[in-house]
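Each residue of the sequence shown is one higher than the one before, counting from 4 in our numbering. I have placed the structure first, in the form of structure tokens, so that the comments after it can refer back to it.
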Amino acid sequence: MPDCPAWLENALPDAREGAGALTVARLGNADLVGAGGLKLTSVAFGDGEALDPSFTADEEDAAAPPLEWSQPPAGTQEMVLVVEDADAGAKCHWLVFGLTAQRGKLMEGEVPPRAGKNAAGKAEWLLPAPAEDEEPHHYIFQLFALDAPIGLSPGASRKALVEAMEGHVLSVALLTGTYARDKEIEDWDDLEVE
């Protein structure tokens, strides 16, 4: 697994050992983080805060979380969103491209204009589902402003997307959501009730 660059450690609220495998580690640098004032936020969670189970495999009607971003820098032609699990070898949870080069948002559960294949081979939000005995996983939402349209068709692979983005990143914004599954109660008799 590649080492996490120092600039990325500084940009993430709780940099993980696996952060060196993230797409932003390959395509970004210290000067690109927040360049032109680009910011990525969510009304559902703050940077470094826990994802609600309604965005994970623990809920039946789970959906992708809502996201909102500021105006990208001048010269932006397309926006791309990549979501990866820094605690699982940068496992890809979402690839969204074809986003217009302006201030925008994705509503909760909204189907984006174009999506690439996640780690499960599907063009959709891959619900976080870490094992019950694991520490919280860190899901890194990476928004890239590109100086050229990438021209990929829906269902493109992460490899193809990253190759198309190479050399075209003007700015990147990062947002981290964490998630750990609640441990199931093995024996209800052991619970203390007040």
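Ideal placement from N, C-alpha and C gives every residue a C-beta, glycine not left out.
- The bridge partners DSSP lists for Leu109 are Leu70.
- If you ignore the 5 residues before and after Met110, its C-beta comes within less than 7 Å of the C-beta of Pro69, all in its own chain and listed in chain order.
- Take Thr181, set aside five residues on each side of it, and the residues of its chain with a beta-carbon closer than 6 Å to its own are Ala53, Pro139, His141, in chain order.
- Distance from the CA of Ala47 to the CA of Thr179, rounded to the nearest whole angstrom, comes to 12 Å.
- Look at Ala176 here: in three-state DSSP terms it is strand.
- Note that the region 127-138 touches the region 87-96; at least 3 beta-carbon pairs, one per stretch, sit closer than 8 Å.
- Of Leu41, Thr59, His171, Ile143, the smallest CA-CA separation from Leu15 is found for Ile143.
- Secondary structure of Leu30 (DSSP, three-state): helix.
- The C-beta separation of His171 from Asp185 comes to about 41 Å, leaving the pair out of contact by the 8 Å criterion.
- Rounded to whole angstroms, Trp128 and His96 show a C-alpha spacing of 6 Å.
- When rounded, the separation of the alpha-carbon atoms in Phe147 and Met82 is 6 Å.
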